[in-house]
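Everything below concerns the one structure shown next.
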Amino acid sequence: MTARSCGETTPTVHWGKPQHTSSTPGCTYPCLPYITESTPDRNRVQPHSTRVAPEPKMYIEVSLNMSRNTNKDPGACDISATDAGSEEAQGSEEKAPARFGWVVGVMVRCMLNIWGVILFLRLSWITSQAGILLTWLIILISVMVTSVTALSISAIATNGRVISGGAYFMISRTLGPEIGGPIGVVFSFANALACALNTVGFAEVARDLMQEFGVVMVDSINDVRIVGVITVTVLLLISLAGMEWESKVILSLNNFSSFLISLFQAQGIFGYRTEIFLENLTPNWRGNEANFFQMFAIFFPSAIGILSGANISGDLKDPATAIPKGTLMAIFWTTISYLMISVTVASCVVRDASGNMTDILTGNLTDGCVGLGCKMGWNFTDCIQQKNCEYGQLKSHLSSYSSNSHFFVYVLCSLYQCLCKDNLYPYIGFFAKGYGKNDEPLRAYVLCYIIAVAFILIAELNTIAALISNFFLCSYSLINFSCFHASITNSPGWRPSFHYYSKWTALFGAVISVVLMFLFTWWAALITFCIIFFLFGYINYNKPKVNWGSSVQAGTYNMALSYSVSLTGVEDHVKNFRPQCLVLTGPPNQRPALVDFVGSFTKHISLMICDATDQLVKWMNKRKVRSFYTPFTAESLRVGARYLMQASGLGKLKPNTLVLGFKSNWRESSPESIEDYINTIYDTFDANFCLCILRMMDGLDISDQFDCEGLMSINDNSDQIKTVFQNTQGKKSIDVYWIADDGGLTLLVPYLITRRKHWRNCKIRVFIVGDEQNMDEGRNEMIALLKRFRLHFSDVIVMTDSEKFVDSVAPFRLHDEQQEGVTVQELRQREPWKISDKEFEAFKQKSERKVRLNEIIRRNSQHTALVLVLPVPHSDCPSALYMAWLDTLTCGLHCPAVLIRGNQQNVLTFYCQ
């Protein structure tokens, strides 16, 4: 973005996030800049506005390009700044695309798709089977489901700007990619089935018309397949060339008028008669599978048109206003029409008629005549007894089926293109490629054609209708659940301008939709849910890089907050102890071994907190490290660790263990840094924290392997260096050197590590200190103790060896006895970190113990997977001497070593309470 000015003050454009952001999935408030001027007396921030200098004038325009015909992410925005003149010139060259209002764009489209193949081919048949009363019940239950869904979709549509993608866009941006992705696939598949349904309806009518003229290509079923494939092929060619909405509206309305007129024609219809109405009032099931729910499943596809307006949201002038108003008006008028048509048909047509004009009764020959037609002078006995009575077909609505099929092709491809552009699933982006100035998804058209042909080959309208009911009920259930979930989370971003909905009616709509799925076709419902769970699991595992501000995120926050508050009232118990670690990693990608070590015993069971920046958060997510990330700066390690131990965590979710790396370069470091490091250890115990110090023989810091100040790229998987804690350890052992009782943390950590798959086959060996006289007694006591704690171990070994003492702290000796004319106090004041001769003699025996212990460790644990040692802290010990102890304990090993110490509080128990 550029801004030019010739005046004395130079405006500066700042891109930032204001305090109040919009919940719209697109980009409204967060992407707007604010401008400040560099002069002191006018340095004032003006959010969402531009500050204009008096002379000369400067114009900065922010354009939000969110057209449905772009290849960009639908949730993204295109921001550009130009001057006014160039913008006007550009606007004059490009013509804005045509947009529809709520009548033509939503209501008419919904009505045309609700008045579809079921109305013309199956409503009269359903009425003859179920009777007027149950048919009305079927219609009203369908209307109840669609009305509740319409209220939910209206609330979602008015909670921010809706662009192309229709119902998928609304659900995915409300519930998130985990639910939006699966329902997008299912909804796309349902629209392909809708195309097949209308095409098969067209083919059935065409077949019947050909049979009336004696034209048969193969047989009854294959004729439907041939006509259906030819029809959908023609529709594919039309889709590739373009579509005209005006002709569709005219043809479809003309078809409906022809239907009303045809009721009064002499085509086997007896006119309005009371006896026919009474006869058709109650049900008369025909066939083995004829029942209420089977009729319901066949009728329900007539209700799928309620999303027709929402599915072309990208072509509407004002989707937030058009979708609620147009959808609800369409439901109202089509409900009235369905109720009236069912009564009209049931008042004019008998259940059984042959359609043969020669079946009229002659004179008074009524003997043997069966059925209501006998009273009206017609003998349909033969077709009633043979169960081959036909009901008349309407010839005036053929183009309605093809136009509806064409609409579902367009909806499917538009919706699928939006799904593909979100990149939630691999390889589907191939179908998102658009062609031409309108970005037509030609590849998606071909995919829809293949799916439609596959189901057209079934050639059974009732079977396809039952399947499509299942998929659309699943979509309606997710739409209602989206509205309910967004409402129940009480997210501040949920502010729909449509207020005539309730979260409880939305929940009812979601539940009743699922119930109807299983009542209609239980096996299809199970398959649908298995597909959704599989797609859900895939997205949940891969974590797509999208952030739509979904209600799932708000719900997660609410649950975490609620559980965290309730956890504060729970008293601590030793059985529920978990090592919750505060890890001093610095940049975590510079010390991956430290991160992986803590993750090996905290993942899925306890807390881990690392300090990191946003860039390093992405690195840790890619490494699949479950941790909280806290960036923190301080003057020194000791000050930062002290503040973090006091402030980290929330309630009972507070760390209780400090984890840091071993200072392997302590001999070359300044004495002040050694003092700071050791004091951090002392502060840890003063804060009642446990302590873990990890030492890798090759060091922890790998920053020297990378350029740019040691920060590795987060976009290259090759930078994810694999550490020893990510390798399978086989049947190696984990050696625990139990020197003193610290509460049990030294025994608990190796047990938790062996629960991970990389360490599952490792054996735990416990080394204890003892003398030769009581070796067996001490070993048996330790074995009994470990069994009572239910800790798995392979062996207990008693240590009794000793070696010579090696002095490794000579550079840090004060040598006060060799100084002349200088008091010990003066030397200590100048170099407080050095070891006096008195202190050296006082701690000589303990130093020798550390050396002897190291010799034992090197002899027994040279090739093990992990060594855990228990150093005992001494507050009166000089920092350099204590650092030498830590170094001596673990030097010369080829495996990772952990210096671990509890806070003297029991973390293990063998009691049940």
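UniProt numbering puts the first residue of the sequence shown at 1, with every later residue one more than the last.
Quick reminder that beta carbons are idealized off the backbone N, C-alpha and C, glycines included.
8 Å contact criterion, which residue i and residue j should meet: CB distance rounded
i	j	result
ILE605	VAL583	About 16 Å; that fails the 8 Å criterion.
ILE739	SER600	Not confirmed; about 23 Å, so no contact.
SER551	SER627	About 25 Å separates the two Cβ atoms, so there is no contact after all.
ALA452	ALA192	5 Å
SER482	LEU175	5 Å
PRO301	LEU134	Wrong, their Cβ atoms sit about 18 Å apart, outside the cutoff.
ALA322	VAL106	5 Å
MET111	ALA310	At roughly 14 Å, the Cβ-Cβ gap does not stay under 8 Å, so MET111 and ALA310 are not in contact.
LEU637	GLY661	The Cβ separation is near 11 Å, so there is no contact.
Opening and closing residue of the beta strand (DSSP E) in which residue i lies
i	result
LEU893	Neither: LEU893 is in no beta strand (DSSP E) and is coded neither H nor E.
Of the listed residues the options, nearest to residue i (C-alpha basis)
i	options	result
THR585	ASP572, PRO579, MET620, VAL574	MET620
GLU440	LEU236, LEU197, LEU786, VAL736	LEU236
VAL851	HIS863, LEU881, ALA865	LEU881
LEU908	PHE431, ARG578, ILE451	ARG578
ILE539	SER128, GLY184, ILE306, ALA155	GLY184
HIS758	LYS731, VAL736, SER477	LYS731
TRP666	ASP676, THR657, VAL659	ASP676
GLN294	ILE428, THR521, VAL766, ARG225	THR521
ALA510	THR888, ARG99, THR149, ARG122	THR149
MET883	LYS722, ILE681, LEU747	ILE681
ILE856	ASP876, THR888, HIS874	THR888
Exposure of residue i, with buried meaning 16 or more beta-carbon neighbours within 10 Å
i	result
SER497	exposed
MET517	buried
HIS894	exposed
TYR435	exposed
LEU899	buried
TRP523	exposed
GLN590	buried
GLY744	buried
PRO40	With a pLDDT of only 39 at PRO40, under 50, the local geometry of the prediction cannot be trusted, and no value is derived from it.
GLN904	exposed
ILE450	exposed
ILE456	buried
MET696	buried
PHE189	buried
GLY892	exposed
SER794	exposed
PRO631	exposed
ALA466	buried
GLU178	buried
GLN211	exposed
GLN580	buried
THR859	It is worth fixing the name first, because residue 859 is Arg in this sequence and not Thr. ARG859 is exposed by the Cβ-count criterion.
residue 919	Missing from the structure shown is residue 919; the chain here goes from 1 to 913 and no further.
For residue i: DSSP bridge partner residues
i	result
ILE734	ILE764, LEU866
VAL798	ILE768
VAL583	CYS610, VAL659
ILE900	CYS692
PHE202	PHE202 is not bridged to any residue.
PHE628	ILE609
LEU424	DSSP lists no partner for LEU424.
TYR435	GLU440
PHE100	LEU316
THR650	For the record, residue 650 in the displayed sequence is Leu; it is not Thr. Partner(s): LEU653.
Residue range of the unbroken alpha helix (DSSP H) whose run includes residue i
i	result
ASP683	671 to 686
SER124	123 to 157
TYR557	551 to 567
GLU777	775 to 788
GLY596	What sits at residue 596 in the sequence shown is Asp, not Gly. Looking at the DSSP string, the run of the alpha helix (DSSP H) that includes ASP596 is 592 to 602.
ASN470	461 to 488
ARG495	Neither: ARG495 is in no alpha helix (DSSP H) and is coded neither H nor E.
THR174	166 to 175
PHE300	Segment: none, PHE300 is in no alpha helix (DSSP H) and carries neither H nor E.
ILE276	274 to 279
ASN540	522 to 542
The ligand SAH heavy atom lying under 6 Å from the CB of residue i
i	result
SER337	Because no ligand of any kind appears in the structure shown, any question about the ligand SAH cannot be addressed here.
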